[in-house]
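Data block below; observations after.
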Amino acid sequence: MADPRTAPTGVDPTVPHSARWWNYLQGGPYWYPVDKQAAEEFARMVPEIRDLARSSREFLWRSVRWAAEQQGLRQYLDLGAGLPAEPNVHELAQRTHPDARVLYVDNDPMVLLYQHAYLDSTPEGRTSYLDADMRDTDRILANAATVLDFTQPVALVLSDVLGRAPRGADGSRGMRGPPPVLAGTG
1 MADPRTAPTG VDPTVPHSAR WWNYLQGGPY WYPVDKQAAE EFARMVPEIR
51 DLARSSREFL WRSVRWAAEQ QGLRQYLDLG AGLPAEPNVH ELAQRTHPDA
101 RVLYVDNDPM VLLYQHAYLD STPEGRTSYL DADMRDTDRI LANAATVLDF
151 TQPVALVLSD VLGRAPRGAD GSRGMRGPPP VLAGTG
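If you want it as structure tokens, here you go:
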């Protein structure tokens, strides 16, 4: 649990925030008592949310380990990274490949405040954080090129984000598929 007395500027520890209560349900450290209370109230209405939160994080962990260990992937683009909940993508990837590179992308101000947890890369690898909307592919790809080598495979991580993407005028969630450079067609 984060200490409400030392809340970062811009964070109101007396008002629940969805990213923090999701972090609480996933076992992360970036939540306040008010977030725990909100999560517990929601869990009383939807008891399966606890299992969903934990299983979604466990699926991310299994997926990254599989990509690194079984597929040899050394590069990850994590769109909608969310609040850190160890182990993070770079920590898992760098256990297998110390030279792995990860770019975390999120535009939630709450995530920006805690992004420092994403930046503790191994000396051989590299991690970076970009404050951007995951739908802004041109900006993301321009910045990603400073961290990732697009001549090599890149794992696209979309964990717990598609349900939160705003709906467009056509009712879609704003995701049409991976950018061509990641799909191997660019």
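Quick note: the sequence shown, position 60, residue 60 per the numbering used here, numbers continuous.
Every residue, glycine too, gets a C-beta built ideally from N, C-alpha and C.
Cα-Cα separation between residue i and residue j, rounded to whole angstroms
i	j	result
G184	L148	Note on G184: pLDDT 48, under 50, position unreliable in the model; no value is reported.
G72	Y30	31 Å
A19	D35	9 Å
A81	T127	13 Å
P109	Q152	31 Å
H17	G28	14 Å
R173	P98	Residue placement at R173 is flagged as unreliable, the pLDDT there being 48, under the threshold of 50; the coordinate-derived value follows with that caveat. R173 and P98: Cα-Cα distance of roughly 35 Å.
E124	R74	11 Å
V11	D120	23 Å
Option nearest residue i by Cα separation, candidates the options
i	options	result
A67	V89, F150, L52 and A53	V89
D160	D78, L119 and R44	D78
V111	A132, L52 and W61	A132
V157	L52, P47 and F59	F59
8 Å Cβ cutoff met for residue i and residue j
i	j	result
L130	V105	yes
Y26	R57	Per the sequence presented here, residue 26 reads as Gln, with Tyr not at that position. Result yes, Cβ atoms of Q26 and R57 sit closer than 8 Å.
Y114	L83	yes
R54	A43	no
A7	W21	no
Beta-bridge partners of residue i, as assigned by DSSP
i	result
S128	L103
V157	D78
Residue i beta carbon near the ligand NAD (any heavy atom closer than 7 Å)
i	result
P47	As far as ligands go, the structure on display features none, and thus does not contain the ligand NAD.
Where are the beta strand (DSSP E) runs, 3 residues long or more, that stay fully inside the region 7-85, in chain order? 75-79
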